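Structure first, commentary second.
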Amino acid sequence: MRHLIESNDFTKQELLDLIDLADNMIENPRQYAESCRGKQLATLFYEPSTRTRLSFTSAMLSLGGSVFGFSDANSSSVSKGETVADTTRIISQYADIIAMRHHKEGAAFVAAQYSLLPVINAGDGSHAHPTQTLTDIFTIHRELGRLDNLTIGLCGDLKYGRTVHSLMKAMTLFDNVHFILIASDRLPFPTHILDECKMKISYSESPSIEEAIDKCDVLYMTRVQQERFDDLAEYEACKSNFILTYEKLQQAKKEMIVLHPLPRVDEISSDVDDDPRAAYFRQAKNGKFIRMALIHTLLTHDFYSKSKHLENNLIETPQPCLNKKCITQTEAVERLGYVDNLSNHRCAYCDEPIK
Ligand code: NCD
């Protein structure tokens, strides 16, 4: 049994196989229309979602399976104080596969430890969003025909945006990938993730879209994650700092693509939408097919290796994790960690260094 907790849980070959399968599902949807007949997907969404939850639902229905779950934690026993561990123990006796979104970092990893079924992380706080990354790399592959030799501009909220964290980790599997980080000083890309990735990717920083755009093959725009700020004044100071306009897009390569996980607020002006380089609506469509490929694979495939998270020689960490947003702060779980490639101890739930 395999879970998908973080985007680097799969090997490069497994990712390429998923992409091939999703391509085939777009071409021949009827071939897969019964492939998950009789199987049930539980969608446990403790946080708001439109695309992710509905694309999971649409994906499972298109495979002939069925879906149940909740999209508002207040309508479940969570509002009575039930833990992620207990909820997962119960649901894993009803369903065949679980997709979970939660505001706490590491929640999906907790679920994976207590589940009898494959668990898919559909977003855990600011930590990770691996199925968005599958969508992103599937889109890059469809649009540009490659995943190597790319310059990717990441713009907006690089601190709290989980999609960019997972995307960088996945791109460490490919060759010659350079990131240009375009963010304000208040919302920088977390150093602990850069430390983890910088042996495999290179990166530079740019103060503006205008300075970076002509170098990019992909410009990945993100929303400032209002819900992650403790202080609303801080959010007000950060929002609307980086806006892609039609005028700025004119400096980009003809074959560049603009991605955005959506929802957008104001970071891409609507006059960009009609430009062929605006790939974000095609990206949202691709999200359904790559999730079909993922569900189909997790339910029908015999894996020869375990998820990285369970194989990673986990150890008990010397100190508790101090990240306030980590699930270990609110749920009594084992103090699990690992030693990273720079010999630092890290929390296995949120990946932050243990001080
Ligand atoms: C993203 C998320 O939830 O992290 N949205 C999505 O899944 N499509 C990005 C965001 O909310 O800004």
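Be aware that the sequence shown starts at 2, since it is given in this note's numbering, and climbs by one per residue.
C-beta: ideal position from N, C-alpha, C; glycine also.
Since this is a predicted model, take the numbers as computed values, not measurements.
For residue i, verify whether its CB is less than 7 Å away from any heavy atom of ligand 1.
i       : result
Ser-241 : no
Gly-124 : yes
Leu-263 : yes
Thr-164 : yes
Gln-284 : no
Ser-167 : no
Thr-53  : yes
His-346 : no
His-130 : yes
Gln-32  : no
Arg-224 : yes
Gln-41  : no
Ser-50  : yes
Gln-330 : no
Gln-133 : yes
In its own chain, which residues sit with a C-beta less than 8 Å from the C-beta of residue i, not counting the 5 before and 5 after it?
i       : result
Leu-19  : Phe-11, Leu-135, Phe-139, Ile-291, Ala-294, Leu-295, Thr-298
Tyr-339 : Asn-313, Asn-314, Leu-315, Ile-316, His-346, Arg-347, Ala-349
Asp-272 : Thr-246, Tyr-247
Lys-289 : Ser-56, Ser-59, Ala-60, Ser-63
Pro-189 : Leu-159, Lys-160, Leu-182
Arg-336 : Glu-317, Thr-318, Pro-321, Cys-322, Thr-329
Ala-86  : Val-111, Ala-112, Gln-114, Tyr-115, Glu-332, Val-334
Ala-123 : Thr-44, Phe-46, Ser-50, Thr-53, Arg-54, Phe-57, Ala-100, Met-101, Arg-102, Ala-109, His-130, Thr-132
Ala-96  : Gln-41, Leu-42, Ala-43, Phe-69, Leu-118
Arg-265 : Met-222, Arg-224, Tyr-281
In angstroms with no decimal places, state the Cα-to-Cα distance between residue i and residue j.
i       : j       : result
Ala-100 : Phe-243 : 32 Å
Ala-349 : Asp-275 : 43 Å
Pro-191 : Val-120 : 26 Å
Asp-137 : Val-259 : 11 Å
Val-178 : Glu-206 : 14 Å
Leu-233 : Met-2   : 42 Å
Asn-287 : Leu-16  : 15 Å
Lys-204 : Phe-180 : It should be noted that the sequence gives Tyr, not Lys, for residue 204. Straight-line Cα distance between these residues: approximately 5 Å.
Asp-341 : Cys-322 : 15 Å
His-103 : Arg-187 : 24 Å
Asn-150 : Leu-174 : 12 Å
Gly-107 : Ile-328 : 6 Å
Lys-254 : Tyr-247 : 13 Å
Leu-22  : Ile-98  : 19 Å
Glu-144 : Cys-351 : 32 Å
Glu-237 : Asp-73  : 27 Å
Arg-163 : Ile-194 : 11 Å
Ser-76  : Gly-146 : 44 Å
Ala-184 : Gln-32  : 44 Å
Pro-354 : Ser-344 : 10 Å
Asn-324 : Gln-330 : 8 Å
Leu-148 : Lys-13  : 11 Å
Ser-270 : Leu-5   : 34 Å
Met-257 : Asp-218 : 5 Å
Phe-69  : Lys-326 : 28 Å
Thr-152 : Ser-209 : 16 Å
Gln-227 : Thr-89  : 28 Å
Cys-239 : Phe-230 : 10 Å
Leu-300 : Glu-212 : 45 Å
Glu-83  : Ile-91  : 11 Å
Pro-30  : Asp-24  : 10 Å
Asp-94  : Phe-304 : The displayed chain sequence assigns Gln, not Asp, to residue 94. Those two C-alpha atoms are separated by around 22 Å.
His-142 : Lys-356 : 39 Å
Glu-235 : His-261 : 23 Å
If you drop the 5 nearest sequence neighbours on each side, which residues of the same chain put their C-beta closer than 6 Å to that of residue i?
i       : result
Gln-252 : Ile-214, Asp-215
Ser-8   : Pro-131, Thr-134, Ser-167, Lys-170, Ala-171
Gly-65  : Ala-34, Glu-35, Cys-37, Arg-38
Phe-282 : none
Ser-67  : Gln-41
Ile-27  : Phe-290
Gly-126 : His-104, Lys-105, Glu-106, Lys-326
Asp-176 : Asp-149
Could you tell me whether any Cβ in chain D is nearer than 8 Å to the Cβ of residue i?
i       : result
Lys-160 : As a matter of chain content, chain D is missing from the structure shown, which is built from one protein chain.
Residues in the same chain with beta-carbon distance under 7 Å from residue i, minus the five sequence neighbours each way, listed in chain order, please.
i       : result
Ser-241 : Asp-267
Leu-263 : Arg-52, Tyr-281, Ala-285
Tyr-47  : Ala-74, Val-79, Arg-102, His-103, His-104
Leu-250 : Val-273, Asp-276, Arg-278
Phe-71  : Leu-45, Phe-46, Ser-77
Could you tell me if the beta carbon of residue i falls within a distance shorter than 7 Å of some heavy atom in ligand 3?
i       : result
Gln-227 : You won't find ligand 3 in this model; what it holds is ligand 1.
Item checked: Ranges of the beta strand (DSSP E) found wholly within the region 147 to 195, counting only runs of at least 3 -> 151 to 156, 178 to 183
Next item on the list: Please specify which runs of the beta strand (DSSP E), each continuous and at least 3 residues long, are wholly inside the region 206 to 233, giving them in chain order.
Entry: 219 to 222
Item checked: Segment contact, 8 Å Cβ cut-off, at least three pairs: the region 99 to 119 with the region 181 to 199 -> no
Check: How do the region 210 to 230 and the region 143 to 161 stand: do at least 3 beta-carbon pairs fall below 8 Å, yes or no?
Finding: By the Cβ test, the region 210 to 230 is in contact with the region 143 to 161, since at least three Cβ pairs between them sit closer than 8 Å.
Checklist line | Any alpha helix (DSSP H) of 4 or more consecutive residues that is wholly inside the region 84 to 154 | finding: 85 to 92, 108 to 115, 131 to 145, all fully within the region 84 to 154.
Note to self: Quick check on the DSSP output: what are the complete alpha helix (DSSP H) runs of length 4 or more inside the region 228 to 268, in order along the chain?
What the structure shows: As far as the region 228 to 268 is concerned, its whole alpha helix (DSSP H) runs of at least 4 residues are 233 to 239, 247 to 250.
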